[in-house]
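Undergrad: First, the structure itself, so that you have it in front of you.
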Amino acid sequence: MSNQDFAPILIILGISAAFLYMHFTGASTKAQLWLAALLVVTGLGVLAPSLGLEPPAWWTQTAPVPRIQLGLDLRGGTHLLMQVKLQDAVRNALSRTAEDLKRELASNKVGVKTITLEPAGALLVQLSDSRQGAAFSDLMRGGFPDLEVSRPGSAAPPGSYQLRFTAPAVRQVERNAMDQALETIRNRIDQLGVRETTVAREGTSEILVQLPGIQDPERAKELIGKTAVLEFKLVDDNHNLADALRNGPPPGDEILYGPPGPGGRASYLVEAPVLMTGDAVTDARVRPGGRLEGPYVSVDLDRRGADVFDAVTSQNVGRRLAIVLDHTVYSAPVIKERIPGGRVQITGSFSVDEAHDLAIVLRSGALPAPVTIIEERTVGPSLGRDSIRRGEISFVVGALVVLIFMAVYYDRAGIVADLGLALNILLLLCVMAAMQATLTLPGIAGIVLTLGMSVDANVLVNERMREEVRNGKSPREAVRLGYERAWSAIRDSNISTFVAGLILFQFGTGPVKGFAVTLCVGVLTGLFSCLAVTRAWYDHQIANRRLSALSV
Amino acid sequence: MSLQLIPDDINVDFVGKRRFFVVLSTLINIAALALLLTVGLNYGVDFAGGSVAQLSFKTPTSSAAIRSALAGLELGDVTVQDFGAARREYLVRFEQARNVGSLGTRIRQALERVYGANGAQVLRVETVGAKVGRDLRRDGVEAVVFATIFMGIFIAWRFRRVSLSFGAGAVIALVHDVLVVTGALVLSRLQFDLTTLAALLTVIGYSVHDTIIVSDRIREDAAKRRREPLAEVMNRAINETLSRTILTSGTAVAVLVVLLLLGGPILRPPAFTLLVGFITGTYSSIYIAGPVVLFWEGRTGAHALPSAA
Chain A
298 MSNQDFAPIL IILGISAAFL YMHFTGASTK AQLWLAALLV VTGLGVLAPS
348 LGLEPPAWWT QTAPVPRIQL GLDLRGGTHL LMQVKLQDAV RNALSRTAED
398 LKRELASNKV GVKTITLEPA GALLVQLSDS RQGAAFSDLM RGGFPDLEVS
448 RPGSAAPPGS YQLRFTAPAV RQVERNAMDQ ALETIRNRID QLGVRETTVA
498 REGTSEILVQ LPGIQDPERA KELIGKTAVL EFKLVDDNHN LADALRNGPP
548 PGDEILYGPP GPGGRASYLV EAPVLMTGDA VTDARVRPGG RLEGPYVSVD
598 LDRRGADVFD AVTSQNVGRR LAIVLDHTVY SAPVIKERIP GGRVQITGSF
648 SVDEAHDLAI VLRSGALPAP VTIIEERTVG PSLGRDSIRR GEISFVVGAL
698 VVLIFMAVYY DRAGIVADLG LALNILLLLC VMAAMQATLT LPGIAGIVLT
748 LGMSVDANVL VNERMREEVR NGKSPREAVR LGYERAWSAI RDSNISTFVA
798 GLILFQFGTG PVKGFAVTLC VGVLTGLFSC LAVTRAWYDH QIANRRLSAL
848 SV
Chain B
219 MSLQLIPDDI NVDFVGKRRF FVVLSTLINI AALALLLTVG LNYGVDFAGG
269 SVAQLSFKTP TSSAAIRSAL AGLELGDVTV QDFGAARREY LVRFEQARNV
319 GSLGTRIRQA LERVYGANGA QVLRVETVGA KVGRDLRRDG VEAVVFATIF
369 MGIFIAWRFR RVSLSFGAGA VIALVHDVLV VTGALVLSRL QFDLTTLAAL
419 LTVIGYSVHD TIIVSDRIRE DAAKRRREPL AEVMNRAINE TLSRTILTSG
469 TAVAVLVVLL LLGGPILRPP AFTLLVGFIT GTYSSIYIAG PVVLFWEGRT
519 GAHALPSAA
């Protein structure tokens with residue numbers, strides 16, 4: 298929300314505060330009623346866009362137009378909750394650190410036999426010469442403060458050390474991974490061209506994605522879920538692929554597969570070292586290819602990437618370069634000549650949509666760790682419309698039952714109470730619009746409860762006024778005592794509901810939160826309109842001596 | 219001309235009959251607890267995990283036909299439930315679906331083969347992972363427990379000048395209402411999902427609200443008539459607020475009946491929860507909260523309450 302978006306809510310709060318000030322300092326009752334009327338007009342104005350009345354163009358250009366957002370259960374769309382595998386992010390960071398460590402140890406002449414990444418998330422270092430332990434420890438303290446060094450256990454050979462990230466370092470890595478994942482997913486979704494999407498962090502490792510109006514979420518899910526780690530590796534032509542498939546790859550090599558096709562998946566024997574990663578990609582675009590090969594993706598690299606690519610291609614002319622995306626080999630073209638300038642083509646038998654999505658994920662960058670979808674809700678637009686229609690009918694019929702009953706049962710006082718109730722509904726919806734709150738089915742349950750409570754407030758006041766009239770009190774006294782005596786019960790029950798709403802907001806998840814918000818707002822607007830404003834009306838009548846007999 | 223349903227001088231002996239109702243409520247509560255522990259709530263996918271799809275058909279069909287149309291998908295345990303609309307809407311639930319990713323598309327394709335290109339429509343697909351379901355269930359239970367504890371502390375504090383027993387009474391009444399409502403949900407086999415949970419939270423709010431209104435009148439009357447035995451003060455307060463109690467819960471029940479009749483199948487579980495909850499919430503303010511206060515005061519030997527705030 299920008300500062301300007303707060304304007305409507307500040308205006309509403311300002312008018313309400315002015316009203317309350319005058320109400321409690323006993324200022325002119327006429328002025329109080331004028332302020333209440335101003336509040337009604339403002340409220341209708343704020344609410345109009347939510348009810349489908351579009352403001353004129355000159356207005357939309359100068360001022361914000363807040364409106365009630367409908368939740369996906371009402372308007373249709375897709376809701377996804379994805380979990381980022383943070384352990385993988387930590388492992389990746391650890392293996393990058395291992396590369397730095399290797400370089401640093403080599404430049405300080407500390408000999409290392411092996412550095413291995415254990416599945417539990419630790420590096421196991423075996424020094425070639427156990428007498429270099431002191432030098433190793435000094436180096437670790439000076440250059441790698443994020444790593445904790447320990448001995449792997451008494452049975453381990455001398456000169457072996459276990460390295461793991463310190464707790465703050467793990468938190469830092471996880472935080473960075475979440476930020477990057479959020480940013481990447483947001484970038485990808487922006488390119489889907491869906492309006493009013495939500496991408497938000499949920500808890501420590503989850504990301505919430507809401508796509509209103511999407512009919513077929515499959516493509517979106519495919520696009521969001523791609524890790525998109527782009528790597529360039531050399532194909533090993535010195536060893537036999539068939540042998541490797543039978544007996545496992547030779548040391549330093551690995552077996553990767555192509556995308557599933559009609560003839561099964563192609564397999565490749567590639568050298569394990571990564572020559573270059575997708576970090577160097579600055580741009581990726583779809584290019585229409587010839588009739589036979591189909592569209593391809595043209596990738597631009599940054600300066601450093603271009604230099605690396607230049608060097609790799611010039612040293613390996615005649616060999617095959619595997620272009621690997623998420624551990625799948627998309628193509629492995631033969632390097633015909635040195636390629637300067639940093640432009641690479643990724644071919645493969647792509648459809649236009651596939652090529653387009655590949656370009657999007659390459660442009661938006663890789664996810665720092667894989668994400669999995671752990672919750673998905675898709676509501677079709679017709680069902681949403683049906684829910685809205687049924688909700689509206691129920692709301693109107695229910696409200697009419699209450700309003701007519703109050704008017705019949707309490708006569709004039711009932712009509713005053715009805716006006717208070719109507720104002721409450723108006724204010725509640727208008728505050729929700731001003732807050733740009735999202736209305737969901739549970740939120741509607743919250744509205745029903747607060748309306749029930751404000752009906753109850755009026756019933757309590759009116760019953761008390763009846764009692765006082767019966768005891769022979771004058772209208773003025775009956776009104777005063779009616780409100781005063783009903784107040785303690787209304788106050789206590791509303792406070793408990795309000796604070797319960799706050800607790801629910803704290804502990805609840807999505808829909809329960811929506812319920813809590815409507816509950817808290819409804820308690821405030823209910824007290825305001827059903828107690829303060831109706832009281833001001835009675836005060837005004839009494840001040841002008843119009844109320845000779847109380848009709849309750 | 220205004221109406222009056224309850225005469226001014228009504229004096230029903232509520233407190234005198236409390237033993238009968240306390241025993242009755244206890245039995246109902248034990249039964250509800252037993253139902254909850256043995257049969258259990260019919261958890262929706264929100265809390266149980268798994269997938270659910272709501273389907274609509276051009277022409278009436280049967281659950282057997284749908285099951286056979288979806289048989290080829292290998293979706294594991296499938297339950298099909300008629301969702302009203304003259305046998306043209308169904309709810310299909312999958313306990314555990316392999317390859318959940320493209321569920322909506324695969325269901326649509328399977329249905330198209332049997333019902334024709336536009337014969338069937340997938341209105342809604344929801345998939346919740348088992349872990350998310352457990353988390354949501356834990357969050358829901360936490361919200362209910364914290365809200366209940368807070369309400370008890372708040373009421374005990376507000377009525378501390380009268381007696382701490384009001385807090386205990388309100389909390390026991392609240393637990394009673396939650397048990398009755400969940401028991402009714404078990405019996406009705408309605409689905410317990412996030413929307414139903416919101417309705418249950420609403421019941422908690424209403425139950426405490428109603429208890430406070432009655433307790434407030436007891437507080438007020440106790441201050442006026444210090445020499446009268448508490449049981450009499452309480453009975454008078456309940457009678458004095460009876461008109462309000464019946465009016466408020468009556469209007470609420472009327473609105474909820476409207477919601478139950480017009481709201482459609484999606485709103486049915488929450489509307490049912492609210493209806494049962496508002497009725498038991500009103501009842502428990504009189505027959506649970508009151509007797510608890512009386513019992514507590516009888517034990518501590520204070521027959522008349524001290525003066526109110």
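Line by line, the protein sequences give chains A and B.
Numbering-wise (our numbering), the first sequence opens with residue 298 and increments by one.
Numbering-wise (our numbering), the second sequence opens with residue 219 and increments by one.
Virtual Cβ for every residue (Gly too), placed ideally from N, Cα, C.
Since the structure is predicted, the reported quantities are computational estimates derived from the model, not experimental observations.
Verify whether the separation of the beta carbon atoms of A:Ile511 and A:Arg485 is less than 7 Å.
TA: Pairing A:Ile511 with A:Arg485 gives a Cβ-Cβ distance that is not under 7 Å.
Undergrad: So, at 7 Å on beta carbons, what are the nonlocal neighbours of A:Val415 in its own chain, with the 5 sequence-adjacent residues on each side left out?
TA: The question names Val, yet the displayed sequence has Glu at residue 415 of chain A. Result list for A:Glu415: Leu421, in chain order.
Undergrad: Could you tell me which whole alpha helix (DSSP H) segments of length 4 or greater appear in the segment 403-443 of chain B?
TA: 412-442
Undergrad: Checking 7 Å against the spacing of the C-beta atoms, do A:Leu700 and A:Asp715 come in under that value?
TA: yes
Undergrad: Mind pulling the chain B residues with CB within less than 8 Å of A:Asp753?
TA: His427, Ile431, Arg462 and Thr466
Undergrad: What residues from chain A crowd round B:Gln272, counting only those whose CB sits closer than 8 Å?
TA: Residues of chain A passing the Cβ test: Leu680.
Undergrad: Can you give me the C-alpha to C-alpha distance between B:Asp353 and B:Val494, rounded to a whole angstrom?
TA: Taking the straight line from one Cα to the other gives about 27 Å.
Undergrad: Check whether the Cβ atoms of A:Ile632 and A:Leu618 sit closer than 7 Å, and answer yes or no.
TA: In this structure, A:Ile632 lies near A:Leu618, with their beta-carbon atoms less than 7 Å apart.
Undergrad: Does the Cβ-Cβ distance between B:Ala507 and B:Ala388 come in under 7 Å?
TA: yes
Undergrad: Check the Cβ of B:Ile484 against every Cβ in chain A and list those closer than 9 Å, keeping chain order.
TA: Asp370, Leu680, Asp683, Ser684, Arg687 and Leu738
Undergrad: Assuming contact is defined by CB atoms lying nearer than 7 Å, are B:Gln272 and B:Leu341 in contact in what I supplied?
TA: When the beta-carbon positions are compared, B:Gln272 and B:Leu341 come within less than 7 Å of each other.
Undergrad: Is the CB-CB distance between A:Ile744 and A:Thr815 below 7 Å?
TA: yes
Undergrad: Mapping DSSP to helix, strand and coil, what is B:Glu515?
TA: helix
Undergrad: How many whole angstroms separate the CB atoms of A:Val381 and A:Val467, which I take to be in contact at a CB cut-off of 8 Å?
TA: Not a contact, Cβ separation roughly 14 Å.
Undergrad: When the Cα of B:Ile246 is compared with those of B:Leu478, B:Val399 and B:Ala472, which residue comes out closest?
TA: B:Val399
Undergrad: Count the other C-beta atoms from every protein chain shown that fall within 10 angstroms of the C-beta of B:Phe372, then say buried if there are 16 or more, exposed otherwise.
TA: buried
Undergrad: Name the chain A residues whose beta carbon is nearer than 8 Å to that of B:Gly481?
TA: Under the 8 Å cutoff, chain A gives Arg687, Gly688 and Ser691.
Undergrad: Return the chain-ordered list of same chain residues with a C-beta closer than 6 Å to the C-beta of A:Glu471, the five sequence neighbours on each side being excluded.
TA: Leu383
Undergrad: Would you call the segment 336-350 of chain B in contact with the segment 670-683 of chain A, where contact means no fewer than 3 C-beta pairs closer than 8 Å?
TA: yes
Undergrad: What is the rounded straight-line gap between the Cα of B:Gly482 and the Cα of B:Gly468?
TA: 22 Å
Undergrad: Residues of chain B with CB closer than 7 Å to the CB of A:Ser785, please, in chain order.
TA: Asp434
Undergrad: Using a Cβ-Cβ distance cut-off of 7 Å, determine whether B:Leu418 contacts chain A.
TA: no
Undergrad: On the three-state DSSP scale, how would you describe A:Arg498?
TA: strand
Undergrad: Roughly how many angstroms lie between the CA atoms of A:Met573 and A:Arg393, to the nearest whole one?
TA: Approximately 13 Å between the Cα atoms of the pair.
Undergrad: Are any of the Cβ atoms in chain B nearer than 7 Å to that of A:Val676?
TA: With 7 Å as the cut-off, A:Val676 counts as an interface residue toward chain B.
Undergrad: Using a C-beta cutoff of 7 Å, does B:Pro168 count as contacting chain A?
TA: Absent from the model: residue 168 of chain B. The displayed extent of chain B is 219 to 527, so no value can be given.
Undergrad: Using the three-state DSSP reduction, which class does A:Arg461 fall into: helix, strand or coil?
TA: A:Arg461: strand per DSSP, three-state reduction.
Undergrad: Taking just the CA atoms, how far does A:Ala497 sit from A:Glu568?
TA: 39 Å
Undergrad: Measure from the alpha carbon of A:Ala783 to the alpha carbon of each residue in A:Gly769, A:Ala517, A:Arg763 and A:Pro772, then state which is nearest.
TA: A:Arg763
Undergrad: In or out: A:Ser793 buried (at least 16 other Cβ within 10 Å) or exposed?
TA: buried
Undergrad: What runs of the beta strand (DSSP E), each 3 residues or longer, lie entirely inside the segment 748-816 of chain A?
TA: none
Undergrad: Check the C-beta distance from B:Arg355 over to B:Phe265 and give it rounded, since I have them as a contact under 8 Å.
TA: 5 Å
Undergrad: Please confirm whether A:Leu801 has its beta-carbon closer than 7 Å to some beta-carbon of chain B.
TA: yes
Undergrad: Roughly how far, in whole angstroms, is the beta-carbon of A:Ala656 from the beta-carbon of A:Leu527, given that I think they are within contact range, below 8 Å?
TA: At roughly 12 Å, the Cβ-Cβ gap does not stay under 8 Å, so A:Ala656 and A:Leu527 are not in contact.
Undergrad: Consult DSSP for A:Ser529 and reduce its assignment to one of helix, strand or coil.
TA: Sequence check: residue 529 of chain A is Phe here, not Ser. Looking at A:Phe529 - three-state DSSP - the assignment turns out to be strand.
Undergrad: Sort out for me which residues DSSP pairs B:Ser269 with in a bridge.
TA: B:Phe312 and B:Thr345
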